[in-house]
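>
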Amino acid sequence: MKALFLAGGMGLRLQPLTNKLPKPMVPIMNKPLLERTFIHLKKIGITEIVISSCYQPDYLKNYFGNGEKFGLKIQYIVEEIPLGTGGAIRKAASQFEKTFVVFNSDILSDMDLKKMIYHHKENAAQASIAVTEVSNPSEYGVIEYNNEGQVVSFIEKPKPGQNSSNFINAGIYIFEPEIVKEIPSDKVISIERDIFPKYIADGYKIIIFKNERYWIDIGTIEKYMQVHKDIMSKKCAISGFKFEGNEINMGKNVKIHPTAKLIGPAFIGDNVEICAKATVSKSIIGNNVFIGEGSSVISSIFWNDIKINRKAKLINTIVTSNSLINTNSYHLNDVYSNDIREKKAQ
Ligand code: GDD
Ligand code: MG
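The numbering of the sequence shown is my numbering, which starts it at 2 and goes up by one.
(1) Report yes if the C-beta of Gly-220 is less than 6 angstroms from at least one heavy atom of the ligand MG; otherwise report no.
(2) Could you tell me which whole beta strand (DSSP E) segments of length 3 or greater appear in the segment 11-84?
(3) Could you name each continuous beta strand (DSSP E) segment of 3 residues or more that falls completely within the segment 218-291, going from the start of the chain to the end?
(4) Which partner residues does Trp-216 have in the DSSP bridge list?
(5) Determine, using beta carbons only, whether Ala-93 and Val-51 come nearer to each other than 7 angstroms.
(6) Could you name each continuous beta strand (DSSP E) segment of 3 residues or more that falls completely within the segment 143-223, going from the start of the chain to the end?
(7) Among all the DSSP beta bridges, which residues are the ones paired with Ala-94?
(8) Any chance the segment 208-215 sits against the segment 125-134, with 3 or more Cβ pairs inside 8 angstroms?
(9) Suppose contacts are defined by Cβ-Cβ distances below 7 angstroms. Is Leu-114 in contact with Val-228 by that definition?
(10) How far does the beta strand (DSSP E) with Lys-314 in it extend, from its first residue to its last?
(11) Starting from Ser-297 and walking both ways along the beta strand (DSSP E), at which residues does that stretch end?
(12) Between the Cα of Lys-62 and those of Glu-183, Pro-161, Ile-78, spot the shortest distance and give me the residue it belongs to.
(13) Using a Cβ-based criterion (distance less than 6 angstroms to any ligand heavy atom), does Asp-107 qualify as near the ligand MG?
(14) On a CA-only basis, which of Val-135, Ser-165, Pro-159 is nearest Glu-145? Give me that one, please.
(15) Once you ignore the five residues that flank Ser-297 on each side, which residues in its own chain have a CB closer than 6 angstroms to its CB?
(16) Helix, strand or coil, according to DSSP, for Glu-134 in the structure here?
(17) Might you give, ordered along the chain, the residues of its own chain that have their beta carbon closer than 6 angstroms to the beta carbon of His-332, omitting 5 neighbours on each side?
(18) With DSSP run on the structure shown, which of helix, strand or coil describes Tyr-119?
(19) Could you say if the segment 100-109 and the segment 7-19 meet the contact criterion of at least three C-beta pairs nearer than 8 angstroms?
(20) Quick one: does the C-beta of Tyr-141 sit closer than 6 angstroms to a heavy atom of the ligand GDD?
(21) Under a Cβ-count criterion, where at least 16 other Cβ atoms within 10 Å of its own Cβ denotes burial, should Pro-185 be classed as buried or exposed?
(22) Is the Cβ-Cβ distance between Ser-284 and Ala-267 less than 7 angstroms?
(23) Where do the N-terminal and C-terminal ends of the beta strand (DSSP E) with Tyr-331 fall, by residue?
(24) First and last residue of the beta strand (DSSP E) that includes Lys-3?
(25) Would you kindly work out how many angstroms separate the C-alpha atoms of Gly-124 and Phe-65, rounded to a whole number?
(26) Taking 7 angstroms as the threshold (C-beta atoms), are Ile-232 and Tyr-225 in contact?
Okay, here's the thing in structure tokens:
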């Protein structure tokens, strides 16, 4: 089965993390989110992927190429203007002759997709929507369904009182190709606001599949921080990490001064130096990072190529790649994005 990834959004709510890269490429434990999802899909035999993008498509192409390096076959569809989720699915329709899967690219989940595909076929549905239960449904597309699990209403971002369900669209769909061809082509159109309500009104068989595993949309800074906490506290399982007993996952070529303090759970990437009397606690440190003498990094996330000078303190802070943190500086609940390569070039 082939999979389509909707990756054309601008990721405005994740700025400044998305200033230089598309949202699906933000690192989750030091690896792009989309790559983590691809690894999950490969395990169940989905290796043919179409990426529908618009914002910074070259970043995706440069990283994944034709997919060979990852054991995948990847094709790209680039929109000149964002066509919306429905327009993007319609534009990709010619790539899919058989039943196919569609993913929002900003979610991390270990949902049982195999079971969802089986459920879709067994019920001879025309489309299936994965749903997950949340306490604040108004940020999402809210789904109401009947006793047979058939969708009876889909309300995107409802106002208070407009819905009576805590089950939301998890952004994973299965479609039969025929139904997708009914979406008007070359138009800006939303699958959530325009198409699903129309399918329901027209009496199509759209069913739900209840996700019972971990699920998160990483589209805001809070959620981006949250997913890392969830991985380290073992709420969310992603392959390669155990975090048993506050474990520290250590990369290659890591130098830690004997007087430095490391408190797990933590992830330390490759080529990292942690100097005398520095502390790193419950944090994710990317590759090529230098943490200067006496500095503390607590509950923070560092991307790659970062230098922290002496006696700086960072708490609950994200630092993006190529940043330099000054001596004695203090960052609490901050997102620090200051590419020194650009400063030098100016
Ligand atoms: N190709 C393309 N073109 N992709 C797009 C476009 C577009 O014009 N607009 C958005 N996307 C992609 C985004 O990149 C993202 O992966 C996905 O579609 C969903 O867009 P978001 O902007 O993240 O939407 P949301 O999080 O507010 O709501 C969506 O996801 C929720 C679950 O996380 C909706 O699908 C909700 O119904 C759902 O509950
Ligand atoms: Mg989203």
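Ideal Cβ placement from N, Cα and C applies to all residues, glycine included. Source: prediction; values computed, not measured.
Quick look at the numbers:
(1) yes
(2) 49-54, 74-79
(3) 249-251, 255-257, 262-264, 267-269, 273-275, 280-282
(4) Ser-110
(5) yes
(6) 152-157, 168-176, 207-211, 216-218
(7) Its beta-bridge partners do not exist; DSSP assigns none.
(8) yes
(9) no
(10) 314-316
(11) 297-299
(12) Ile-78
(13) yes
(14) Ser-165
(15) Thr-280, Lys-314
(16) strand
(17) Leu-315, Thr-318
(18) helix
(19) yes
(20) yes
(21) exposed
(22) yes
(23) 331-333
(24) 3-8
(25) For the record, residue 124 in the displayed sequence is Asn; it is not Gly. C-alpha separation (whole angstroms): 35 angstroms.
(26) no
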